[in-house]
Structure formats: structure tokens, C-alpha cells
Amino acid sequence: MSERPDPWRDHRRRWRVERLDPTLDRLPERRDRFATMGDLPIERLYGPWELEAGPDGEPAGPGGPTAVDQRGEPLREGAGEYADFDADRDVGFPGEPPFTRGVHPTGYRSRPWTMRMFAGFGSAEDTNARFRQLLAAGQTGLSIAYDMPTLYGYDTDDPEAEGEFGTCGVAVSSVADMEVLLGGLPLDRVSTSMTINSPAAPIWAMYIVAAEKTGVPRGRLEGTTQNDILKEYVAQKEFLFPPEPSMRMVVDTIEFGTRELPRWNTVSISGYHIREAGSTAVQELAFTIADGMAYVEAAMARGLDPDEFAPRLSFFFNSHSDFFEEIAKFRASRRIWWKLMRERYRAKDERSTWMRFHTQTAGVSLTPQQPLNNLTRVATQALAAILGGTQSLHTDAFDEALAVPTAEAALLALRQQQILLEETGVASTVDPLGGSWFVEALTNRVEREVWRYLDEIDRRGGMVAAIAEGYPQREIADSAYRFQRELDANDRVIVGVNRYVAGGPVAVPVLSVPEGSLERHLARLERTRRERDAAEVESALAGLREAASRPGTSETNLMPHFIRCAAAYATLGEQCRVLREVFGEYREPVAV
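Numbering (our numbering), first residue to last: 11 to 602.
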């Protein structure tokens, strides 16, 4: 690492003696140590000296790439070429590698972020009405939340689904529900995000079939399927099948989308749920990128070239309450992914190296106590996502700690984004915090910590193997425990919870599933089963079973079978029952 003179040294010494020390004698600082929410130390003052190697030899640069590639061949010797910080190389300009400042040269000056509000409750009719309200209010993208039976691959009338209809999302049992859900929506003009994972492939097939019935060909459809099964094993726990067949279905969707839906993001590699489970910002970023690496390597093993599919991979992050740590995380994410795709996976298409991501404000930070405080939390978290360069954004409603948002609360959450865009000037320049000594030093620190995790995961045989031994799960559990202990000891403050506590409860209207919605949904499900071609359903399910029973290859890709099942009005529960019988159900090992 190079030795560079510090022209600030004498000035810093003089400032300490003449200004700082006398002030500290009169007014000591509030605590002995300041740190981010993720426990990264925060210095009193940042300057260009923080972007130089420390006296102990600690690198100041961003680091990377991984020490080895996916074949175990060396990529980096020692600290590597990125050990020192080079502002031109490591920060540079927006729209050019390493994309620290964003993937587009004009930022939000040409096109604002997509305002994509997550919505879904009750029946397809209920959620369709909510979508129409949000679009009329200025929302620019759709995002579908599914209820728990749908997320677990059950029809609404299954005994396992009792009591769960429409309470945290919309119920979809067959393409008949999807047709109602999407009815009258401009699918050729807005993109749709779908939060669905283990049964993502059959639900996506229903969306495709329903859209084509309205006259929109699949090649024109734009959107994103979350479809990130690895983070289910790590954090959210909505898994159905063992990892191997689950990864096979993810690759099936990547391959099918690459061939037939060129404008669709087939996987949204999600850190959001990892963060909600209690991870730090560094762990969220590291484990999310490690999941992405596993998908890239699985698709390459199928025979796909990274430049065929990587431009349509997207990411999904949490924006939590530590304002600058979140901004640093977002900026570091792009630089890390660029290095991985270029140096580890040898991508040639620049778009393959783009880290494009959706952001949602932190649901776990919302409190039922003094719920109006959540408006401030959400606004600052949204601002961090914007300053970090997100492509799309969901802002949580203030009442989400209590129930699915009311229409009024959801509209207010959308208005928060619109005010940030139209009234603050935050979108008038690209990467307005770029060059801040604090932000650049913290971005570098976050990135260095992520590379340490990625090297450790490589040493453990990759992310699938690391998950099997419980490594990321233990790391997250330890971080969640540390956070809770700090909260219990009042070392960390949550306003309205452990400080500034108000007296009585605050009455907030909450949403409930509309009366008659369940009955309407069940009637449609019964009618669908009665009126469909039973022989075609049986044949389609038999084809799915036969293909699923064979090893996963391009010839046995399951997506055409899911398309056929959807077109025949086979239900989600019927399709997932076939997969459960072929693949088996996953039971998470007990970890101590």
C-alpha cells in the first residue's frame, strides 16, 4: 500500500489542542463510542485522512473481488488491487463502472424512481380495486402481495389454509383469480412485481396466461418475480421443497424468461427479509449477494452464458433507520456486483454488471406504539434509499405494525414519495452525497466487510452449503440478539417504545377483509373446478409430474408445464401437491 503525505496533519493537531480538547473538558460527548446500527465504528470527524491506509496498515480502499472464483482459482492476492482508495477509480462518474454513483448517467433527472407500492388483501376483486386507486393517485408500478395459503402453495379451501384468507395479501388459487386480479389494468404499460417464492413458477405462469388472454403477448410483459428461494432458508422460512429441486425451479424460470420474456426480471435477489430477521446492513448485503452468486453459478451450470441472463437479475433491499449506513450499503452494492460479474464471472455485456434494485422501508422498524411516529421513520428511510440510488421504492404505511394498510394510509405513504420527488430537490443532481468524506469512507468500510463474508462463504463451499450448515442463520441470530440486548439495556433508543413513552393508546383505524370476500373467492374456485376440462387438467398435471421426476435440464424445464396447467385452470394447490409428492417437503434442521 502506498504512503501518501497528509497535508491536514498539522491543522488537525492544532484544532485538537485549541478547539476540541477545551470543548470536551466543558462538554463531554454523549457516549464513549459511536457506531452504526450494524456496529461499525463512527469517528468523531471525517476528512481525507480517513481515505488513507491507517497507521496499523488497515486498508482504506473498498477491497475485492473474492479471493477465488467459483472454480477455486485465485482472483486476488492478499489485499488486492483495491486495497488503496482511488477516487477516480472507486467513485468515478454515474453511468460508468464501477457504478458507485448509479447505473444511469443522469440519475433521476431523466426518469424518477418507480413508485411501486406493495398491495394485496382479501379477494382478487378487493386488490384490483386497491391497484386502481393507487394508479389513479400517481403510482407508477404494481406490486402484488399474496396471502399465506398462496405463499405456501395451498388453495383457499384446503384445511391448512383455514383462517388465513386474504389477511396479509391477496388469495390466488387459479388463473381465474389472476384474471380478476389483473382485470382492466394496463399490463402493457406498467410493470408488475410479485412477492412469491417457493410457488413462484406456477404463479408466474398464471400471470402470463392471464395477460395473454387480455391480448398482451408475453414478450411485452414487464415485471419482476421475487423467486428468491435461498433467502427463505436463511430468513423468511416460507419454503416448501428441499434446496436442490427449489434451485432447479429458479433456474427453470431464469432460462424460460431469458428465452421468452426478455423484459421480465425472473429473480429479485432479496436482502429485505434477511434484514427484517435481524441482520446488520453488512450481513444483508453480503448474504444477498452470496445468494445472487449461487443463482448465477447454477444458471451457468445449466449452460447459460451470464450475458444471456444477468441483465435481467434484480435485487431487493431494506432501507433501515441508520441513514448514512444505508446509503453506504446501497452505493457499495453496485461496486461489489460490478467486480463480481466482471472479474469472477467474466461478463462482457456492461448491463450484466449492473446492480439494479428495489427498496422497501423497514417494516421491522415500525411500532404499534405511537404509530404516527412511523411517518417520520418511513420518510427518512425513503430518503436514504433515494440518495443511495434505488430504481424503485415502496414506502410502508404508518399503520402496518397493526394490520394491512388502509386505503388512506397507503395513499399517504405514496404521497411521502411524491413529496420527496417534487418538493425537496433531492432528485435534481446525481449522487448528491458522492465525495463526502464520511460517506465514501463508510462505503469503503461496508464493502470491505462484505468481501470478508463472501470469502468465508467461499471457504464453506458456497452459499447453498453455508445455508445447509446454518452459517448465515447463526450470524443473523447473533446480530438480532445483540440488537435486542442493546434495546433492553436502553443503549439503543426507539422513540415511543423505551424513551419518550406516551400515556394512553392511540386509536388507529385498521383494515379488515371485506365481508363476503371469502365467499366470493370460494364460489369462483368451486365454479372453476366444475366448469374446466377435467381431462385436460389431469393430462397437464401428469406432464408436470413426469418432467419434475426427471433431472433438471433445458429439456425438462418445468415452466412450459406450469403454463399448460394454468391454461387448463389447474389450481395452485393441485400443482404444488404434485411437486410435494415428487420433491418432498423440506423440514428445517433444529439448530442449537
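Glycine included, every Cβ here is placed at the ideal spot set by N, Cα and C.
Residue environment, residue i, which counts as buried when at least 16 other CB atoms sit within 10 Å
{"i": "Thr235", "result": "buried"}
{"i": "Ser438", "result": "exposed"}
{"i": "Leu382", "result": "exposed"}
{"i": "Gln293", "result": "buried"}
{"i": "Lys339", "result": "buried"}
{"i": "Arg455", "result": "buried"}
{"i": "Ser12", "result": "In this prediction, Ser12 scores a pLDDT of 49, lower than 50, which makes its location untrustworthy; the coordinate-derived value is nonetheless stated afterwards. By the 10 Å Cβ count, Ser12 comes out exposed."}
{"i": "Arg23", "result": "exposed"}
{"i": "Arg26", "result": "exposed"}
{"i": "Ile154", "result": "buried"}
{"i": "Phe572", "result": "buried"}
{"i": "Pro169", "result": "exposed"}
{"i": "Glu39", "result": "exposed"}
{"i": "Leu271", "result": "buried"}
{"i": "Tyr491", "result": "exposed"}
{"i": "Leu34", "result": "exposed"}
{"i": "Trp18", "result": "exposed"}
Proximity winner among the options, relative to residue i (alpha-carbon distances)
{"i": "Gly399", "options": "Leu145, Phe131, Arg322, Arg111", "result": "Arg111"}
{"i": "Ser329", "options": "Arg492, Val388, Ile299", "result": "Val388"}
{"i": "Glu336", "options": "Arg574, Asp31, Asp49, Arg24", "result": "Asp49"}
{"i": "Arg458", "options": "Asp20, His21, Glu91", "result": "Glu91"}
{"i": "Gly82", "options": "Arg530, Asp465, Gln585", "result": "Asp465"}
{"i": "Gly506", "options": "Val518, Leu532, Gln380", "result": "Gln380"}
{"i": "Leu521", "options": "Arg36, Ser120, Asp136", "result": "Asp136"}
{"i": "Arg542", "options": "Ala577, Leu161, Thr563, Leu568", "result": "Ala577"}
{"i": "Gly132", "options": "Gly148, Leu191, Glu106, Asp100", "result": "Leu191"}
{"i": "Met259", "options": "Tyr579, Ala580, Glu598, Arg560", "result": "Arg560"}
{"i": "Ala245", "options": "Ala478, Asp79, Asp42", "result": "Ala478"}
{"i": "His283", "options": "Arg509, Lys247, Thr268, Gln428", "result": "Lys247"}
{"i": "Gly281", "options": "Phe493, Ser324, Phe95, Glu318", "result": "Ser324"}
{"i": "Pro519", "options": "Val588, Ala417, Glu529", "result": "Ala417"}
{"i": "Arg425", "options": "Glu595, Ala147, Leu85", "result": "Ala147"}
{"i": "Ala300", "options": "Gly225, Arg285, Leu350", "result": "Leu350"}
{"i": "Asp96", "options": "Pro108, Leu85, Arg86, Glu87", "result": "Pro108"}
{"i": "Glu286", "options": "Pro442, Pro115, Val374", "result": "Val374"}
{"i": "Ile264", "options": "Glu222, Gly313, Arg230", "result": "Gly313"}
Close beta carbons around residue i, own chain, < 8 Å, minus the five adjacent residues each side
{"i": "Trp447", "result": "Tyr56, Gly57, Pro58, Glu60, Leu61"}
{"i": "Val474", "result": "Leu240, Pro253, Met257, Ala304"}
{"i": "Leu412", "result": "Pro378, Pro381, Val518, Val520"}
{"i": "Gly513", "result": "none"}
Close beta carbons around residue i, own chain, < 6 Å, minus the five adjacent residues each side
{"i": "Ala407", "result": "Pro415, Ala419, Ala420, Ala423"}
{"i": "Gly302", "result": "Ile279"}
{"i": "Arg273", "result": "Glu232"}
{"i": "Val384", "result": "Sequence inspection shows Asn at residue 384; the Val mentioned does not correspond to that position. Once the five neighbours on either side are set aside, the close Cβ partners of Asn384 are Leu376, Phe408."}
{"i": "Thr124", "result": "Thr150, Gly151, Ser402"}
{"i": "Ala215", "result": "Phe572, Ile573, Ala576"}
First and last residue of the uninterrupted beta strand (DSSP E) at residue i
{"i": "Asn604", "result": "The shown model of the chain, from 11 to 602, leaves out residue 604, and the question about it has no answer."}
{"i": "His404", "result": "402-404"}
{"i": "Gly151", "result": "151-155"}
N- and C-terminal bounds of the alpha helix (DSSP H) containing residue i
{"i": "Gly302", "result": "291-312"}
{"i": "Gly553", "result": "544-558"}
{"i": "Val185", "result": "185-192"}
{"i": "Gly267", "result": "253-270"}
{"i": "Ala221", "result": "210-223"}
{"i": "Gly583", "result": "582-593"}
{"i": "Ala97", "result": "97-100"}
{"i": "Ser527", "result": "527-541"}
{"i": "Thr33", "result": "31-36"}
Same chain, Cβ closer than 7 Å to residue i, neighbours up to 5 away in sequence not counted
{"i": "Gly163", "result": "Ser208, Pro209, Leu250, Leu582, Gly583, Cys586"}
{"i": "Ala296", "result": "Val460, Tyr463, Leu464"}
{"i": "Thr166", "result": "Pro159, Phe175, Ala181, Ser183, His531, Leu532, Leu535"}
{"i": "Ile52", "result": "Phe44, Ala45, Thr46"}
Cβ-heavy atom distance, residue i to the ligand MG, below 7 Å
{"i": "Arg492", "result": "In the structure shown, the ligand MG is absent, as is every other ligand, since no ligand is present at all."}
Quick one: which unbroken alpha helix (DSSP H) runs of 4-plus residues sit fully inside the stretch 463-489? Chain order, please. If we require 4 residues or more, the alpha helix (DSSP H) runs fully inside the stretch 463-489 come out as 473-478.
Would you mind listing the beta strand (DSSP E) stretches within the stretch 367-441 that are 3+ residues and don't spill past its ends, in chain order? Runs of the beta strand (DSSP E) inside the stretch 367-441: 367-371, 402-404.
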